[in-house]
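Throughout, my numbering is defined as the position within the sequence shown, counted from one, plus 65.
Just below is one structure, and these are the notes that go with it.
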Amino acid sequence: MKKVAVYMAALLLVVVSTTTVVSAQAAQEIQLQAEIAQATEQDGILLMREEEKLARDVYLALYETWNLRTFSNIARAEQRHIDAVAALMKYKGIDDQLADALPGVFTIPKMAALYEELVARGSQSITEALKVAAFIEDLDIYDLELLIAEAQDETTIWVYENLLAGSEQHMRAFVGQLSRFGETYESVYIDAERLSEILKTR
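Written out as structure tokens, the structure is:
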């Protein structure tokens, strides 16, 4: 759990401002790569349990604010992601401390702070809400690709790959909605080329 807390500390540095300084971003990416490389399989699974809940909870909050169906549809998809990770945890004998947790409640204090920050940002405008959502998928994709590269267990890899495919689809949906408002999303964690590749895939 200590490693997961470090991930969240790095994320909060990004969320403070919508403009990310390139050097700071690079430093955070190096930190995330190093932490995930050192993480145990259980650390990675617990991280994804928290991140999938973060996505669902934020999207539900943004749906209540903006009544945009994309948020409610993808929140339902995130629930399926949560169920998949929870099933993996059960299979691995990992205790799920978030099983009955209310929206915005996490085992990691910094994750709860991130939830509050993202919801606050997303409440400023509908385009900011969509950028917040794209940021969450950006983070998920980045972390999942690192975890897949480090994972050894076939079942864990299979779950991660399914989560990754879902996150890529969600990214396309949110960026597609942004384009309707004449806005674009600049990736924070994955590079611009990877984002372009995701958006071109249908």
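Here a beta-carbon is modelled for each residue, glycine too, at the ideal position from N, C-alpha and C.
Could you name the residues of the same chain whose beta carbon sits closer than 8 Å to that of residue i, not counting the 5 residues immediately before and after it, in chain order?
{"i": "E106", "result": "K157, A216, Q217, D218, T221"}
{"i": "L204", "result": "L76, E116, V253, Y254"}
Please state the DSSP three-state secondary structure of residue i.
{"i": "S252", "result": "coil"}
{"i": "L204", "result": "helix"}
{"i": "I159", "result": "coil"}
{"i": "G247", "result": "coil"}
{"i": "S137", "result": "helix"}
{"i": "A238", "result": "helix"}
{"i": "D148", "result": "helix"}
{"i": "G169", "result": "coil"}
{"i": "A164", "result": "coil"}
{"i": "S232", "result": "helix"}
{"i": "A102", "result": "Bear in mind that a pLDDT of 49 at A102, under 50, signals an unreliable position, so the number given afterwards is only what the model happens to contain. Three-state result, A102: helix."}
Which two residues bound the contiguous alpha helix (DSSP H) that contains residue i?
{"i": "P174", "result": "174 to 187"}
{"i": "D218", "result": "No alpha helix (DSSP H) contains D218, which DSSP labels as neither H nor E."}
{"i": "R259", "result": "257 to 265"}
{"i": "A126", "result": "106 to 131"}
Inspect the beta-carbon positions of residue i and residue j and report whether they are closer than 8 Å.
{"i": "F239", "j": "E210", "result": "no"}
{"i": "A194", "j": "T130", "result": "yes"}
{"i": "I263", "j": "E226", "result": "no"}
{"i": "I147", "j": "K118", "result": "yes"}
{"i": "M113", "j": "L228", "result": "yes"}
{"i": "L321", "j": "I110", "result": "Given a span of 66 to 267 for the chain in the structure shown, any question on residue 321 remains unanswerable."}
Between which residues of its own chain and residue i is the CB-CB distance below 6 Å, once the five residues before and five after are set aside?
{"i": "R259", "result": "none"}
{"i": "I139", "result": "Y124, H235"}
{"i": "L127", "result": "F136, G187, A194"}
Beta-carbon within less than 7 Å of residue i's beta-carbon, same chain only, minus the 5 sequence neighbours each way: which residues are those?
{"i": "T192", "result": "L243, F246, E248"}
Which whole-angstrom value describes the C-beta separation of residue i and residue j, a residue pair presumed to lie in contact below a C-beta threshold of 8 Å?
{"i": "F171", "j": "L183", "result": "F171 to L183, Cβ: 12 Å. No contact."}
{"i": "A120", "j": "E143", "result": "5 Å"}
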